[in-house]
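Structure record follows, encoded as C-alpha cells.
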Amino acid sequence: MDTYTLTYRPDLDIVFLRWLTPETLPQAQASYQAALVLALAHRCGNWLLDSRRCGPIDPVETAWLTNTFFPAAVAQLAPRPLRMAVFSSLPRLEQMRIDAAVASGVQAALAATQPYEAAIFIAEAEAVAWLQPN
C-alpha cells in the first residue's frame, strides 16, 4: 500500500506531497526523496506538504529534515528557492504547542535563518496562495 501521493501541478508550479497514513522514518525519508526527484525534474521549488494524516510529529524526523534533507534540497534546486507550505491538522498544531521537544524542532525548522522558506497552514487554499508569486 502506498503511504503517500506525489503530483506536480504545472498550472500552479507546485509539487504536492500528501501522506495518506503515518509513516516510519525510512518511509518518510523515501517520500521526501521522491518529492525532490519530481521537483528537480520540473525545476520546481514550491512544495505543498500535506501532513494532516501523518500522525504525531517525530522530533527525529524534524531534525533530519532541518539539518540534512532541506539544506541538501536547497543546494540541488538552486538557483530556485525552496518554499514549503505545510498543510497541517489541528492535533499536530496542538502537539507543536504543548510538546517542548517538538516545539523547539519546529521553531528551528521554520527559523528565518534557514536557507529555505516554510510556513504552516490549516487551510489548503491559504497554503497554495502563499506559494504563488505576488
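Residues in the sequence shown are numbered from 153 upward in steps of one, following the working numbering.
Think of the CB as a built atom: it goes at the ideal place given N, C-alpha and C, for glycine as much as any other residue.
task: Would you mind giving the Cβ-Cβ distance between alanine 279 and leucine 188, rounded to the nearest angstrom? I have them listed as a contact below 8 Å.
output: Mapped onto the sequence shown, residue 279 falls at position 127. Mapped onto the sequence shown, residue 188 falls at position 36. Contact flag wrong, Cβ pair sits at about 19 Å.
field: Assigned secondary structure, alanine 253 (DSSP; H/G/I helix, E/B strand, else coil)
entry: The sequence position of residue 253 within the sequence shown is 101, counting from 1. Three-state DSSP puts alanine 253 in a helix.
query: What's the gap between the Cα of aspartate 251 and the Cα of leucine 169?
result: Along the sequence shown, read from residue 1 onward, the residue named residue 251 stands at position 99. Along the sequence shown, read from residue 1 onward, the residue named residue 169 stands at position 17. Going from the Cα of aspartate 251 to the Cα of leucine 169 covers about 25 Å.
query: Mapping DSSP to helix, strand and coil, what is glutamate 269?
result: Here the question's residue 269 lines up with position 117 in the sequence shown. Strand at glutamate 269.
query: What residues match up with tyrosine 156 in a beta bridge as DSSP calls it?
result: For this step, residue 156 is matched to residue 4 along the sequence shown. Tyrosine 156 is bridged to Trp171.
Residue environment, aspartate 202, which counts as buried when at least 16 other CB atoms sit within 10 Å: Reading the sequence shown from its first residue, position 50 is the one you call residue 202. Aspartate 202 should be labelled buried.
- request: Please classify threonine 173: is it buried, with 16 or more other beta-carbons within 10 angstroms of its beta-carbon, or exposed?
  value: In the sequence shown, residue 173 corresponds to position 21, counting from 1. Exposed, since its Cβ has fewer than 16 Cβ neighbours within 10 Å.
- prompt: Based on Cα-Cα distance, which residue from Leu229, Pro211 and Gln266 lies nearest to threonine 176?
  reply: The residue you call residue 176 lines up with position 24 of the sequence shown. It is Pro211 whose Cα lies nearest to the Cα of threonine 176.
task: Kindly indicate which three-state DSSP category alanine 275 falls into: helix, strand or coil?
output: Position 123 of the sequence shown, counted from the start, is the residue given in the question as residue 275. In the structure shown, alanine 275 sits in coil (DSSP, three-state: anything other than H, G, I, E or B).
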